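Heads up, the thing below is written out as structure tokens.
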Amino acid sequence: MTQNHRHAHANVVEAVSADVVIIGAGVAGGLAAYQLARYGHSVIVLDAGPRIDRVEALERFRASPVKGSNAPYENPWYAPQPEDDDFDSYYVQAGPRKFQGLYVRGVGGTSWHWTGHAERHYPNDFQMKTAYGKGVDWPISYSDILPYYLRVEQEWGVSGDSADYIGPNRNGEMFPLPKVPMSYSDHVLGEAARKAAFTPALDYGPYPHARNSVPYDGRPQCCGNASCRFLCPIAAKYDASVHVTKAEQLGARVMDKRVAYRIEVGDDHMISGVLYRHPDGWEGRATGKRYILAAHAIETPKLLLISRSERLPKGVANSSEKVGRGLIALADVNTLALAPKATFPYRGPVSATGGLKSLRDGEFRKEHAAIATNFVNGGWNATLGPAQRAQTLISQGVFGADLARTLEEQTAREITLGSMVDVLPLETNYIDADYSKRDALGIPRPKVYFTWDEYTEKGIAVARQMHTAILRSLGIEEKDEKAAQVQRPDPDVETAVIAGTTRMGSDPRTSVVDSFCRAHDHPNLYIIGTGVYPTTGIVSPSMTAAALALRAADQIHANAGQG
Amino acid sequence: MPDSPPRRPAEPTRRDVLAGMAGVAAVAVAPTALMPTAAAAADAKSILKASATLTGIPLDLSYLDLAQKVWDTLAPTYGAPVLEKLVQAVNTAPPQRPLKDVLLEQGLLPAAQAVTSTWYTGASAADGGQTVLFYNDALMWRSCAFTKPPATCGGTFGYWEQAYEPVAAAKPTGKA
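Chains as they are written, first to last, in our numbering: chain A, 140 to 702; chain B, 70 to 245.
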């Protein structure tokens with residue numbers, strides 16, 4: 140502790156110390172905590188939110204009228220998070236597009252409601268500038284991260300078929316667990332896609348999953364609860380509570396309801412402590428030799444920015460002025476339709492067991508954004524679809540046997556083609572701390588600036604054309620669209636992917652962390668999670684974040700003796 | 070001690086009936102004195118019959134508890150007399166006439182839609198669905214028998230790969 144910070148600690152009633160202090164007990168922080176504890180380091184993990192009880196979360200989900208991704212989870216007054224149905228409740232929206240990234244503040248983090256798609260980035264995702272002249276290159280390559288992908292797949296227990304999967308070439312590497320089968324709906328849509336009049340030719344396949352196809356690591360086999368995007372009630376889907384618990388069993392101390400609000404920096408540029416507030420009104424301070432920020436791509440940059448001081452007026456780790464910059468979220472393009480025959484949605488893992496392999500990577504990325512198309516298992520609305528359709532029918536005066544029969548007949552034909560379209564890391568997209576709008580603990584709320592450019596718009600247009608081609612191949616004609624059998628909502632900002640606000644790079648002038656996720660400005664500070672992504676592509680981002688977390692933990696361990 | 074015994078209504082209200090119906094499930098263990106009267110049981114059956122007709126889903130006595138919830142939720146908004154009239158109208162509607170027409174004629178369509186919507190969605194139609202009463206038991210899941218409520222186990226691993234095959238088809242009842 141440096142002398143010049145002592146005056147700020149008057150309210151500190153809890154002082155904790157460890158070799159490594161981690162802020163954030165999510166998918167990256169939890170795995171890093173586990174790995175470092177395994178290596179024998181003492182670890183403290185602070186999380187802003189509460190511990191999450193699976194049974195309570197399930198009850199909260201059932202009682203929620205919204206039943207969105209965040210519905211099962213308490214929105215703590217002391218550590219607010221975005222609401223499913225109100226993206227202004229916490230975010231300060233600066234536009235021009237409304238940012239809709241959802242995350243959970245609580246032990247286990249947003250992994251509680253992630254898709255469970257255990258996807259690797261494509262090799263060219265790491266070199267977008269070199270390969271396609273778009274975006275920027277990462278300072279690491281696919282081969283650098285490959286050993287960590289393999290480790291994560293073992294840790295999570297990834298299920299897949301090495302002969303048929305969505306993702307980059309595995310060169311024969313087997314998945315640890317057998318595949319999760321695609322749904323009946325996947326096969327119907329996939330075969331239609333194969334026959335669609337579209338260039339390039341479309342092909343489909345199953346996702347690799349971090350959900351158990353067989354019992355694994357003390358967790359049960361999936362039984363198709365069809366609620367993965369909200370909560371897996373039986374923990375067949377991996378979430379970060381797995382490794383948080385393992386870390387604790389190895390001696391790590393996980394402390395919930397500790398809302399970090401200031402990172403202290405010594406005269407030597409080393410991080411000297413983290414101050415936090417507890418909802419009961421007291422404050423604490425955590426000190427360590429190494430610090431890891433793992434609070435996702437909104438809270439992490441916000442914490443860095445609000446830790447500004449006379450010596451660091453731009454905030455911590457921000458000599459480049461890149462903290463908060465390059466915010467990435469994908470564009471969501473959905474087409475909803477009623478198939479000519481029953482596809483039996485609302486069964487099996489949601490949101491998707493299968494999707495298109497095509498348009499995820501290739502030369503086309505010189506012209507337009509990559510597209511990841513899911514065959515959504517959750518019908519038109521995974522939790523409320525049948526309810527909404529019933530209400531529509533009832534409002535039309537349909538009762539009795541007609542109601543029961545029509546609801547079943549229509550709902551069984553619901554399909555959704557859900558395409559996520561890549562967004563480049565634009566300088567105009569960023570988050571800032573809004574000192575004029577504070578949360579209940581007096582901490583500035585995140586102000587978000589977000590849009591996408593023509594590169595994404597071109598990708599959206601291609602996704603639209605591709606959706607139409609698949610519908611035509613399925614037998615849905617233009618006349619059907621007039622009968623409200625097809626709906627094409629306006630493209631929206633995807634809720635599931637938030638990345639790019641503490642960019643990784645080789646040049647300290649243009650990035651925040653180096654290739655091992657270490658802050659350029661502070662040798663004992665690491666930042667992990669999707670925030671370090673210079674670009675993100677269209678894969679589910681969690682696996683790369685987990686791999687980078689292991690890589691950072693390895694480096695921390697390797698350099699543990701060096702001051 | 071009061072001067073006179075408490076006044077008893079000549080006819081039990083629907084609420085009284087439903088309150089009594091809630092005890093039906095416990096009939097096997099309940100003292101005889103607490104069992105619902107024959108009249109109450111008849112009214113309970115009337116309500117369930119009307120609900121089954123409106124929803125097209127057979128509702129046996131195991132639905133009494135939910136019927137009470139539906140009634141209690143909607144009565145403050147629509148009024149017990151209107152709901153009673155609805156039950157009678159639905160149960161006496163000529164089978165050859167579309168139910169919607171009968172309900173429109175008697176000014177009962179909004180109440181009928183509220184009752185049916187609440188049964189189907191498990192959420193109160195009185196407040197736009199903001200209060201969830203019985204999501205897992207909502208009748209939409211019985212109509213859509215090929216699936217089940219989210220966050221409940223759907224069957225053996227991989228069941229979702231095959232087309233749904235009904236084990237035993239239950240015929241919808243009631244009229245449209």
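Don't be surprised by glycine CBs; every beta carbon is placed ideally from N, CA and C. On a predicted model such as this, the values are computed, not experimentally measured, just so you know.
query: Counting contacts by CB-CB distance shorter than 8 Å, is T522/A in contact with chain B?
result: Here residue 522/A refers to the residue found at position 383 of the first sequence. Interface criterion met: the Cβ of T522/A is under 8 Å from a Cβ in chain B.
- request: Taking C-beta pairs closer than 9 Å, name the residues in chain B that Y323/A reaches, listed in chain order.
  value: For the purposes of this step, residue 323/A is identified with residue 184 of the first sequence, where counting begins at 1. Think of a sphere of 9 Å around the beta carbon of Y323/A: the chain B residues whose beta carbon falls inside it are W229, E230, Q231, A232 and Y233, in chain order.
field: Closest residue to R464/A among P673/A, S490/A, S534/A and V297/A (Cα-Cα distance)
entry: Counted from its first residue, the first sequence places residue 464/A at position 325. Cα-wise, what sits closest to R464/A is P673/A.
query: When Cβ atoms are compared, which residues of the stretch 368-384 of chain A fall closer than 8 Å to chain B?
result: With the criterion set as a beta carbon lying under 8 Å from some beta carbon of chain B, the members of the stretch 368-384 of chain A are F369, L370, P372 and I373, in sequence order.
field: Cutoff 8 Å: L580/A Cβ touching any chain B Cβ
entry: Numbered from its first residue, the first sequence carries residue 580/A at position 441. Not an interface residue.
- request: Would you mind working out which of K217/B, P163/B and L117/B sits nearest Y132/B, comparing C-alpha positions?
  value: As a first step, residue 132/B is located in the second sequence; it is residue number 63 there, counting from the start. Comparing Cα positions, the closest option is L117/B.
query: Do R528/A and L542/A have their C-beta atoms closer together than 8 Å?
result: Taking the first sequence and counting its residues from 1, the one referred to as residue 528/A is at position 389. Taking the first sequence and counting its residues from 1, the one referred to as residue 542/A is at position 403. The beta carbons of R528/A and L542/A sit no closer together than 8 Å.
- request: Tell whether a beta-carbon distance below 8 Å holds between D646/A and S497/A.
  value: On the first sequence, position 507 is the one that residue 646/A refers to. On the first sequence, position 358 is the one that residue 497/A refers to. No, the Cβ-Cβ distance between D646/A and S497/A is not below 8 Å.
- request: Give a yes or no on whether the C-beta atoms belonging to Y189/B and A526/A are separated by under 8 Å.
  value: Here residue 189/B refers to the residue found at position 120 when the second sequence is read from its first residue. Here residue 526/A refers to the residue found at position 387 when the first sequence is read from its first residue. Yes, Cβ-Cβ distance for Y189/B and A526/A is below 8 Å.
Buried or exposed by the 16-neighbour rule on C-beta atoms within 10 Å, applied to V152/A: Here residue 152/A is taken as the residue at index 13 of the first sequence, counted from 1. Classification of V152/A: exposed, given that the 10 Å Cβ count is below 16.
- prompt: For R611/A, which residues in chain B fall below 9 Å Cβ to Cβ?
  reply: For the purposes of this step, residue 611/A is identified with residue 472 of the first sequence, where counting begins at 1. Per Cβ cutoff of 9 Å: no residues; R611/A is ~23 Å from chain B at best.
query: Using 8 Å as the limit for Cβ to Cβ distance, is A169/B near chain A?
result: To locate residue 169/B, count along the second sequence from 1; it is residue 100. Here residue 169/B turns out to be Lys, not Ala, going by the sequence shown. Using a Cβ-Cβ cut-off of 8 Å, K169/B counts as an interface residue toward chain A, since at least one Cβ of chain A sits closer than that to its own.
- request: Kindly confirm or deny that the stretch 546-561 of chain A and the stretch 471-483 of chain A touch, where touching means at least three C-beta pairs closer than 8 Å.
  value: Between the stretch 546-561 of chain A and the stretch 471-483 of chain A, the count of Cβ pairs shorter than 8 Å is three or higher; the stretches touch.
message: Quick test of your reading: A638/A and T675/A, contact by CB under 8 Å. State the CB separation rounded to the nearest angstrom.
response: For the purposes of this step, residue 638/A is taken as the residue at position 499 of the first sequence. For the purposes of this step, residue 675/A is taken as the residue at position 536 of the first sequence. A638/A to T675/A, Cβ: 4 Å. Contact.
field: Extent of the continuous beta strand (DSSP E) run through P440/A
entry: What you label residue 440/A is simply residue 301 of the first sequence in a count that begins at 1. Looking at the DSSP string, P440/A is not in any beta strand (DSSP E); the run it does join, the alpha helix (DSSP H), is H435 to I445.
field: Listed by chain order, chain B residues near N364/A by CB distance under 8 Å
entry: Translated into positions along the first sequence, residue 364/A becomes position 225. For N364/A, the residues of chain B that pass the 8 Å Cβ criterion are P219, A220, T221, C222 and G223, in the order they occur in the chain.
- request: Can you pull the chain A residues whose beta carbon is under 8 Å from the beta carbon of G125/B, in chain order?
  value: Walking along the second sequence from the start, residue 125/B turns up at place 56. Under the 8 Å cutoff, chain A gives F538, G539, A540, D541, L542, A543 and R544.
query: Going by C-alpha distance, which of K428/A, Q604/A and R648/A is nearest T338/A?
result: The count along the first sequence starts at 1 and reaches residue 338/A at position 199. It is Q604/A.
Range covered by the beta strand (DSSP E) that runs through Q293/A: Sequence index remark: in the first sequence, residue 293/A carries index 154 (1-based). Careful: Q293/A lies outside any beta strand (DSSP E), inside the alpha helix (DSSP H) at Y281 to W295.
field: In chain order, each beta strand (DSSP E) run of at least 3 residues that lies wholly inside the stretch 159-186 of chain A
entry: Listed in chain order, the complete beta strand (DSSP E) runs (minimum 3 residues) inside the stretch 159-186 of chain A are 182-185.
- prompt: How many Å lie between G92/B and A113/B at the Cα?
  reply: As a working mapping, residue 92/B is identified with position 23 in the second sequence. As a working mapping, residue 113/B is identified with position 44 in the second sequence. With a pLDDT of only 36 at G92/B, under the threshold of 50, the placement of this residue in the model should not be trusted, and no figure is reported.
message: Suppose you measure from the CA of L202/B to the CA of P585/A; what does that come to, to the nearest Å?
response: For this step, residue 202/B is matched to residue 133 along the second sequence. For this step, residue 585/A is matched to residue 446 along the first sequence. For L202/B and P585/A, the distance between alpha carbons rounds to 35 Å.
- prompt: In chain order, what residues of the stretch 509-521 of chain A put their CB closer than 9 Å to some CB of chain B?
  reply: If the cut-off is 9 Å between Cβ atoms, the stretch 509-521 of chain A has N516, G517, G518 and A521 near chain B.
- prompt: Just how far apart, CA to CA, sit I615/A and K396/A?
  reply: Numbered from its first residue, the first sequence carries residue 615/A at position 476. Numbered from its first residue, the first sequence carries residue 396/A at position 257. Separation of I615/A and K396/A (C-alpha to C-alpha, rounded to the nearest whole angstrom) is 52 Å.
query: What do you get for N308/A, buried or exposed, if any count of 16 or more other CB atoms within 10 angstroms of its CB means buried?
result: Mapped onto the first sequence, residue 308/A falls at position 169. Its Cβ having fewer than 16 others within 10 Å, N308/A is exposed.
- prompt: What are the residues of the stretch 227-244 of chain A that lie near chain B, defined by any Cβ-Cβ distance shorter than 7 Å?
  reply: With the criterion set as a beta carbon lying under 7 Å from some beta carbon of chain B, the stretch 227-244 of chain A has no members that meet it.
field: Inter-residue spacing [alpha-carbon to alpha-carbon] between P347/A and P167/B
entry: Working through the first sequence from its first residue, we reach residue 347/A at position 208. Working through the second sequence from its first residue, we reach residue 167/B at position 98. For P347/A and P167/B, the distance between alpha carbons rounds to 51 Å.
- prompt: Residue range of the beta strand (DSSP E) that Y233/B falls in?
  reply: Position 164 of the second sequence holds residue 233/B. Counting along the chain, no beta strand (DSSP E) covers Y233/B, and no H or E run does either.
field: Chain-order list of residues whose beta-carbon lies under 7 Å from that of T225/B (same chain, five-residue window excluded)
entry: To locate residue 225/B, count along the second sequence from 1; it is residue 156. In its own chain, leaving out the 5 sequence neighbours on each side, no residue places its CB closer than 7 Å to the CB of T225/B.
message: Measuring alpha carbon to alpha carbon, tell me which residue in S654/A, E292/A, V413/A and D578/A is nearest D186/A.
response: Along the first sequence, one-based indexing puts residue 186/A at 47. Among S654/A, E292/A, V413/A and D578/A, the Cα nearest to that of D186/A belongs to V413/A.
field: Pair within 8 Å by beta-carbon distance, A174/A and A692/A
entry: Within the first sequence, the letter at position 35 stands for residue 174/A. Within the first sequence, the letter at position 553 stands for residue 692/A. For clarity, residue 174/A is Gln in the given sequence; the question names Ala instead. Less than 8 Å divides the Cβ of Q174/A from the Cβ of A692/A.
query: What is the DSSP secondary structure of K586/A, counted as helix, strand or coil?
result: In the first sequence, counting from the first residue as 1, residue 586/A sits at position 447. Judged by DSSP in its simplified three-state form, K586/A adopts strand.
field: N-terminal and C-terminal residue of the beta strand (DSSP E) that V562/A is part of
entry: Counting from 1 along the first sequence, the entry for residue 562/A is found at position 423. Secondary structure note for V562/A: it is in no beta strand (DSSP E), with a DSSP letter that is neither H nor E.
S324/A versus G306/A, R486/A and V455/A, residue with shortest Cα-Cα distance: Within the first sequence, numbered from 1, the residue matching residue 324/A stands at position 185. When G306/A, R486/A and V455/A are compared, the shortest CA-CA separation from S324/A is found for R486/A.
- prompt: Taking the C-alpha atoms as reference points, what is the distance between N364/A and Q530/A?
  reply: Here the question's residue 364/A lines up with position 225 in the first sequence. Here the question's residue 530/A lines up with position 391 in the first sequence. Inter-residue distance for N364/A and Q530/A is about 24 Å (C-alpha atoms, whole angstroms).
Per DSSP, the bridge partner or partners of T555/A: Along the first sequence, one-based indexing puts residue 555/A at 416. Looking at the DSSP output, T555/A bridges to L475/A.
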